[in-house]
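K.L.:
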Amino acid sequence: MITLSNLHAQPGARKKIKRRGRGNGSGHGKTSCRGHKGLFSRSGGSLRHGFEGGQMPLIRRVPKRGFTGRRDNIFQVVNLDALSKIKNKELITPEDLSANGLIRKSDEPIKVLGGGEVKKALTVKAHAFSKSAIEKIKSAGGRIEIIGKVKEDNKAKPKKNKKEAKQE
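Taking our numbering, I'd label the letters of the sequence shown as residues 746 to 913.
1) Which residue or residues does DSSP assign as beta-bridge partners of A871?
2) Buried or exposed for V869, please, with buried defined as at least 16 other CB atoms from any protein chain shown within 10 angstroms of its CB.
3) With DSSP run on the structure shown, which of helix, strand or coil describes N755?
4) Quick test of the definition: if touching needs 3 or more C-beta pairs under 8 Å, does the stretch 824 to 839 touch the stretch 853 to 866?
5) Determine the contact status of N845 and I831, defining contact as a CB-CB distance below 8 Å.
6) Suppose you measure from the CA of P802 to the CA of H794; what does that come to, to the nearest Å?
7) What residue from K865, I891 and Q821 has the CA that sits closest to I848's CA?
8) Go ahead and pull the three-state DSSP assignment for L784.
9) Give every residue of the same chain whose Cβ lies closer than 6 Å to the Cβ of R779, excluding the five residues on either side of it in the sequence, and list them in chain order.
10) By the DSSP assignment, the alpha helix (DSSP H) with I848 in it spans what residues?
11) Less than 8 Å between the C-beta atoms of H872 and G893, yes or no?
12) Tell me the residue span of the beta strand (DSSP E) that contains I762.
13) Keeping to the same chain, check which residues put their C-beta closer than 8 Å to that of G783; ignore five residues upstream and five downstream.
Set out below in structure tokens:
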């Protein structure tokens with residue numbers, strides 16, 4: 746039977762810590778388990794991440810691959826059901842969304858998606874809307890207002906033939 750007098754942890758459950766630098770009698774005195782001299786015996790002695798002792802590191806041995814594509818239009822996304830959290834508002838602006846914690850920054854582009862339902866007529870101002878969001882807002886008797894223009898992707902323009910270029 747277990748009582749308070751014989752209650753103890755399982756063997757190996759509590760590991761004894763190494764008390765370094767507490768005299769030679771402890772077994773971890775003098776050099777405190779760091780050996781003699783050298784980089785690792787000194788404070789701040791460590792190698793940088795990925796260093797392999799002068800050998801060409803793995804990150805440089807492996808070839809580069811792919812590229813990072815341009816991401817011009819990074820929208821902050823808001824669903825229609827989130828708009829219902831804004832109480833007593835007919836006109837919803839980016840400032841309202843930011844004040845209610847639905848987006849992080851009111852000056853970055855916002856896209857309204859059609860997740861959820863709209864229960865009352867709302868006028869929503871945003872930079873972009875999904876097709877389903879437009880349908881749901883208009884079917885509830887609301888309006889959408891597109892704010893400014895978001896920078897468009899720089900798509901490759903078709904090249905003209907040399908003959909056409911000379912004629913112009």
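Ideal Cβ placement from N, Cα and C applies to all residues, glycine included.
Remember, predicted model here, so these are calculated numbers, not experimental data.
P.N.:
Inspection of the coordinates gives the following:
1) Here residue 871 is taken as the residue at index 126 of the sequence shown, counted from 1. Answer is I891, bridged to A871.
2) Translated into the one-based positions of the sequence shown, residue 869 becomes position 124. By the 10 Å Cβ count, V869 comes out buried.
3) For this step, residue 755 is matched to residue 10 along the sequence shown. The sequence given here has Gln at residue 755, not Asn. Looking at Q755 - three-state DSSP - the assignment turns out to be coil, as it is neither helix nor strand.
4) yes
5) As a first step, residue 845 must be located in the sequence shown, where it is residue number 100. As a first step, residue 831 must be located in the sequence shown, where it is residue number 86. Yes, these two residues count as a Cβ contact at 8 Å.
6) Stepping through the sequence shown from its first residue, residue 802 is reached at position 57. Stepping through the sequence shown from its first residue, residue 794 is reached at position 49. When rounded, the distance between both Cα atoms is 10 Å.
7) Position 103 of the sequence shown, counting from 1, holds the residue named residue 848. Among K865, I891 and Q821, the Cα nearest to that of I848 belongs to Q821.
8) Counted from its first residue, the sequence shown places residue 784 at position 39. It is helical.
9) If you number the sequence shown from 1, residue 779 lands on position 34. Closer than 6 Å at Cβ, skipping near neighbours: S786.
10) Within the sequence shown, residue 848 is the residue found at index 103, counting from 1. It is not in any alpha helix (DSSP H) - I848 carries neither H nor E in the DSSP assignment.
11) Within the sequence shown, numbered from 1, the residue matching residue 872 stands at position 127. Within the sequence shown, numbered from 1, the residue matching residue 893 stands at position 148. The Cβ atoms of H872 and G893 lie closer than 8 Å to each other.
12) Locating residue 762 in the sequence shown gives position 17, where the first residue counts as 1. Segment: none, I762 is in no beta strand (DSSP E) and carries neither H nor E.
13) Translated into the one-based positions of the sequence shown, residue 783 becomes position 38. Counting only Cβ-Cβ distances below 8 Å, and skipping sequence neighbours, we find G790.
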